[in-house]
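Residue numbers (our numbering): 163 to 739.
Glycine included, each C-beta is placed from N, C-alpha and C at the ideal position.
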Amino acid sequence: MKKISGSLQFKIMVCAIFLIILSSFPIGIASYIKSVKIVESKFAFSHLHTVKQIASSLELITNDIKEASLYFIQSGDLRQLLKSDFKTDLYELEKARVHVNDFLTYLVGEKPYIHSIYIMGKNNTIFDTYGIKDQTLNLSNIDVQSYEWYPNVITSRAGILTYVISLVRPIRDINNFKNLIGYLEINIDEKSLFEEVIHLSSNFSENFVICNQNYFILSSTDKTLIGKNLAKMISINPMENVEQGFFYTKLSSKTFLVTYSTIKPLGWKVVSFVEKEGLVAENRAIQSYIFITILLALFAASIFLVFFQNRILFPLKQLRILIDHISNQNFDVYMQPKGNDEVSKLIQAFNSMSAKLNELMNQIYLATIKQKEAELKALQERINPHFLYNTLDTIYWTARLEGAKKACILVEALSKLFRSILANKSNIITVKEEIEHLSSYILIQKVRYQDLIEFSLNVQSQALCYKTVKLVLQPIVENAIYHGIEKSGKKGKISIEVFTKDEKLYFIVSDTGAGAPKEVFENALKNDTNGKIGLKNVNDRIKLAFGNEYGLEIKSTPGFGTKVTVVQPALKEGDLK
């Protein structure tokens, strides 16, 4: 899976799909959101127009009822009947009653939405066009200054319930306006009124509510809502100070578009509820179109990717396989180019490069072996003191015959030093032989410097049998003497430790001399020191013998001394190839 996800084919496929989605989805989503807003806005304004028409129609009907009620309360016949007593002329009363009954009958028959009219005077005079069962108005409990609309339920003598909207207004004595003589109640049939105005709406599935100024529901599509308070069902804040408009609200965990308009003289509101889910039905086609467009784009991208793979990615994949062969040192590879595009030119350049690499590597392989042998031989031939050894042997016997004991010690130590070099011409010796060579060198330096330098040699016994490059310690100790202790101008100490750890052989040479900045030692490891066996020589011989991961590590602090660590593999005779 990791190999597939890292391939160029996979990356291009993911990139293409990402680009398609990145370009298609934002446009699709933006188009969808915009279309939803446009549809909702048009729907809302269309509903607002309908609600305004219903409100206007209601205003005409209520004004008509109010004008009819004005006729009643201004009628002299009615006032005469409501003020009559046992002294009133009976003929005149009957005549007035006939006039009032005729008008009531006409009005109820002419206006289909008027359910009934009920008049009650303080003198117990009653007019009733419907024959209401046990219908009375408790005049002492009614406090209507001008007129009042409220929802009501009328029960007929047959027990039939009818929802009505009642207009109640007081009837006063025209000669003494403070004298209340009765009440007029005009009942509008809620169902007839609703059907009268609802035909203005083109969608009968909508929920319409008509409420008064106190938000009590007078009429509704859902008859169970009549008499309830709309303010307890939804938030009415948007309707408080605005005569008409629309907003969204939550009702029974669903979102509804609420459209409303106000009947100015009454303060009534016509309110429409439409579930938002139904508004976006038209946009489902847009959703499907966007989805199909994205699928087609992905299909087109897949076809393109197949073509791209056959023409470009497949040759690159084959080229990568051949490059893996080269990385595994198989340079004899070739790939047939097709066409004349950049990939074909790349394949041609690869074929030319692999042919040249094959030829050069064969040459370099042989040259490297010869160069390594030459370098080892040259490094060893830098120290070839045959003539010095023979001369020192002559000096030793001459000094001995003349009784110069110190001279004999120095010459003997120097002779052992050169003999250890000449005795084994191999570049690889044992740690024991290296320590013997170093001991001879230290003996000479002790005679020379006497108490100025203190030497400490600590060798792990089991490390003596391991193999090491010849002349590792002596050049480092020499560097510690001349560039460390001697340069400091005071007495110092040189400590040599030899041990094995974690299958590695360590030589550590520490001195308390002058020390030097890091740059000095970095330069010493890069540049040879006038042809002498310096630090670079030792470091190079170790790397040539064992590899670049081995060699010298130097830490030095100016004024406090230097520590040189030599790291070699812990190898014995049988481990050497």
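{"Asked": "Continuous beta strand (DSSP E) stretch holding N369: start and end", "Found": "N369 to C373"}
{"Asked": "Whole-angstrom distance between E711 and I647, CA atom to CA atom", "Found": "30 Å"}
{"Asked": "Cut-off 6 Å between Cβ atoms - residues of its own chain near P499, not counting five sequence neighbours on either side", "Found": "S506, I509 and Q510"}
{"Asked": "Those runs of the beta strand (DSSP E) which lie wholly inside the region 648–679 and span at least 3 residues", "Found": "654–663 and 666–673"}
{"Asked": "Residue nearest to D226 in terms of C-alpha spacing, selected from Q242, V270 and S203", "Found": "V270"}
{"Asked": "Identified DSSP bridge partners for Y345", "Found": "M282 and P332"}
{"Asked": "Distance between P332 and Y410 (C-alpha atoms, nearest Å)", "Found": "41 Å"}
{"Asked": "Residue environment, Q525, which counts as buried when at least 16 other CB atoms sit within 10 Å", "Found": "exposed"}
{"Asked": "Residues of its chain near Y451, where Cβ-Cβ distance is below 7 Å and the 5 sequence neighbours each way are ignored", "Found": "none"}
{"Asked": "Burial state of I591 (16 or more Cβ within 10 Å)", "Found": "buried"}
{"Asked": "Candidates Y496, K245, G283 and I488: closest to M523 by CA position", "Found": "I488"}
{"Asked": "Alpha carbon of E402 to alpha carbon of D264, nearest angstrom", "Found": "43 Å"}
{"Asked": "Which of helix, strand or coil DSSP assigns to Q242", "Found": "helix"}
{"Asked": "Among L266, F234 and T287, the one whose alpha carbon lies nearest that of L244", "Found": "T287"}
{"Asked": "Straight-line gap, A707 to V631 (C-alpha atoms, nearest Å)", "Found": "8 Å"}
{"Asked": "Euclidean distance between Cα positions of P313 and T267", "Found": "23 Å"}
{"Asked": "9 Å Cβ cutoff met for N374 and I276", "Found": "no"}
{"Asked": "Burial state of K431, where buried means 16 or more other Cβ atoms lie within 10 Å", "Found": "buried"}
{"Asked": "Integer-rounded CB distance, given that V671 should sit under 8 Å from L626", "Found": "Going by Cβ atoms, the distance from L626 to V671 rounds to 18 Å, so no, they are not a contact pair."}
{"Asked": "Beta-carbon spacing of I643, Q607 below 9 Å", "Found": "yes"}
{"Asked": "Separation of S516 from L635, as counted between CA atoms", "Found": "45 Å"}
{"Asked": "Nonlocal neighbours in the same chain, by C-beta distance under 8 Å from Y628, ignoring five residues either side", "Found": "T592, V593, T662, L667, A732, L733 and K734"}
{"Asked": "In DSSP terms, what L413 is bridged to", "Found": "K416"}
{"Asked": "K698 versus Q730 - alpha carbon distance", "Found": "15 Å"}
{"Asked": "Distance, P274 Cα to E358 Cα", "Found": "9 Å"}
{"Asked": "Same chain only: Cβ atoms within 8 Å of N300, ignoring 5 sequence neighbours per side", "Found": "Because the pLDDT at N300 is just 48, under 50, the model does not fix this residue reliably, and the point stays unresolved."}
{"Asked": "Burial state of V315, where buried means 16 or more other Cβ atoms lie within 10 Å", "Found": "exposed"}
{"Asked": "Cα-Cα separation, N520 to D737", "Found": "32 Å"}
{"Asked": "Simplified DSSP assignment, three categories, for D264", "Found": "helix"}
{"Asked": "Beta-carbon spacing of V639, I597 below 9 Å", "Found": "no"}
{"Asked": "Spatial neighbours of S219 in its chain, beta-carbon cut-off 6 Å, leaving aside the 5 residues before and after", "Found": "V359"}
{"Asked": "First through last residue of the beta strand (DSSP E) which encompasses I615", "Found": "I615 to V621"}
{"Asked": "Pairwise C-alpha distance: I223 and T386", "Found": "24 Å"}
{"Asked": "Residue interval of the alpha helix (DSSP H) (run including Q612)", "Found": "It is not in any alpha helix (DSSP H) - Q612 carries neither H nor E in the DSSP assignment."}
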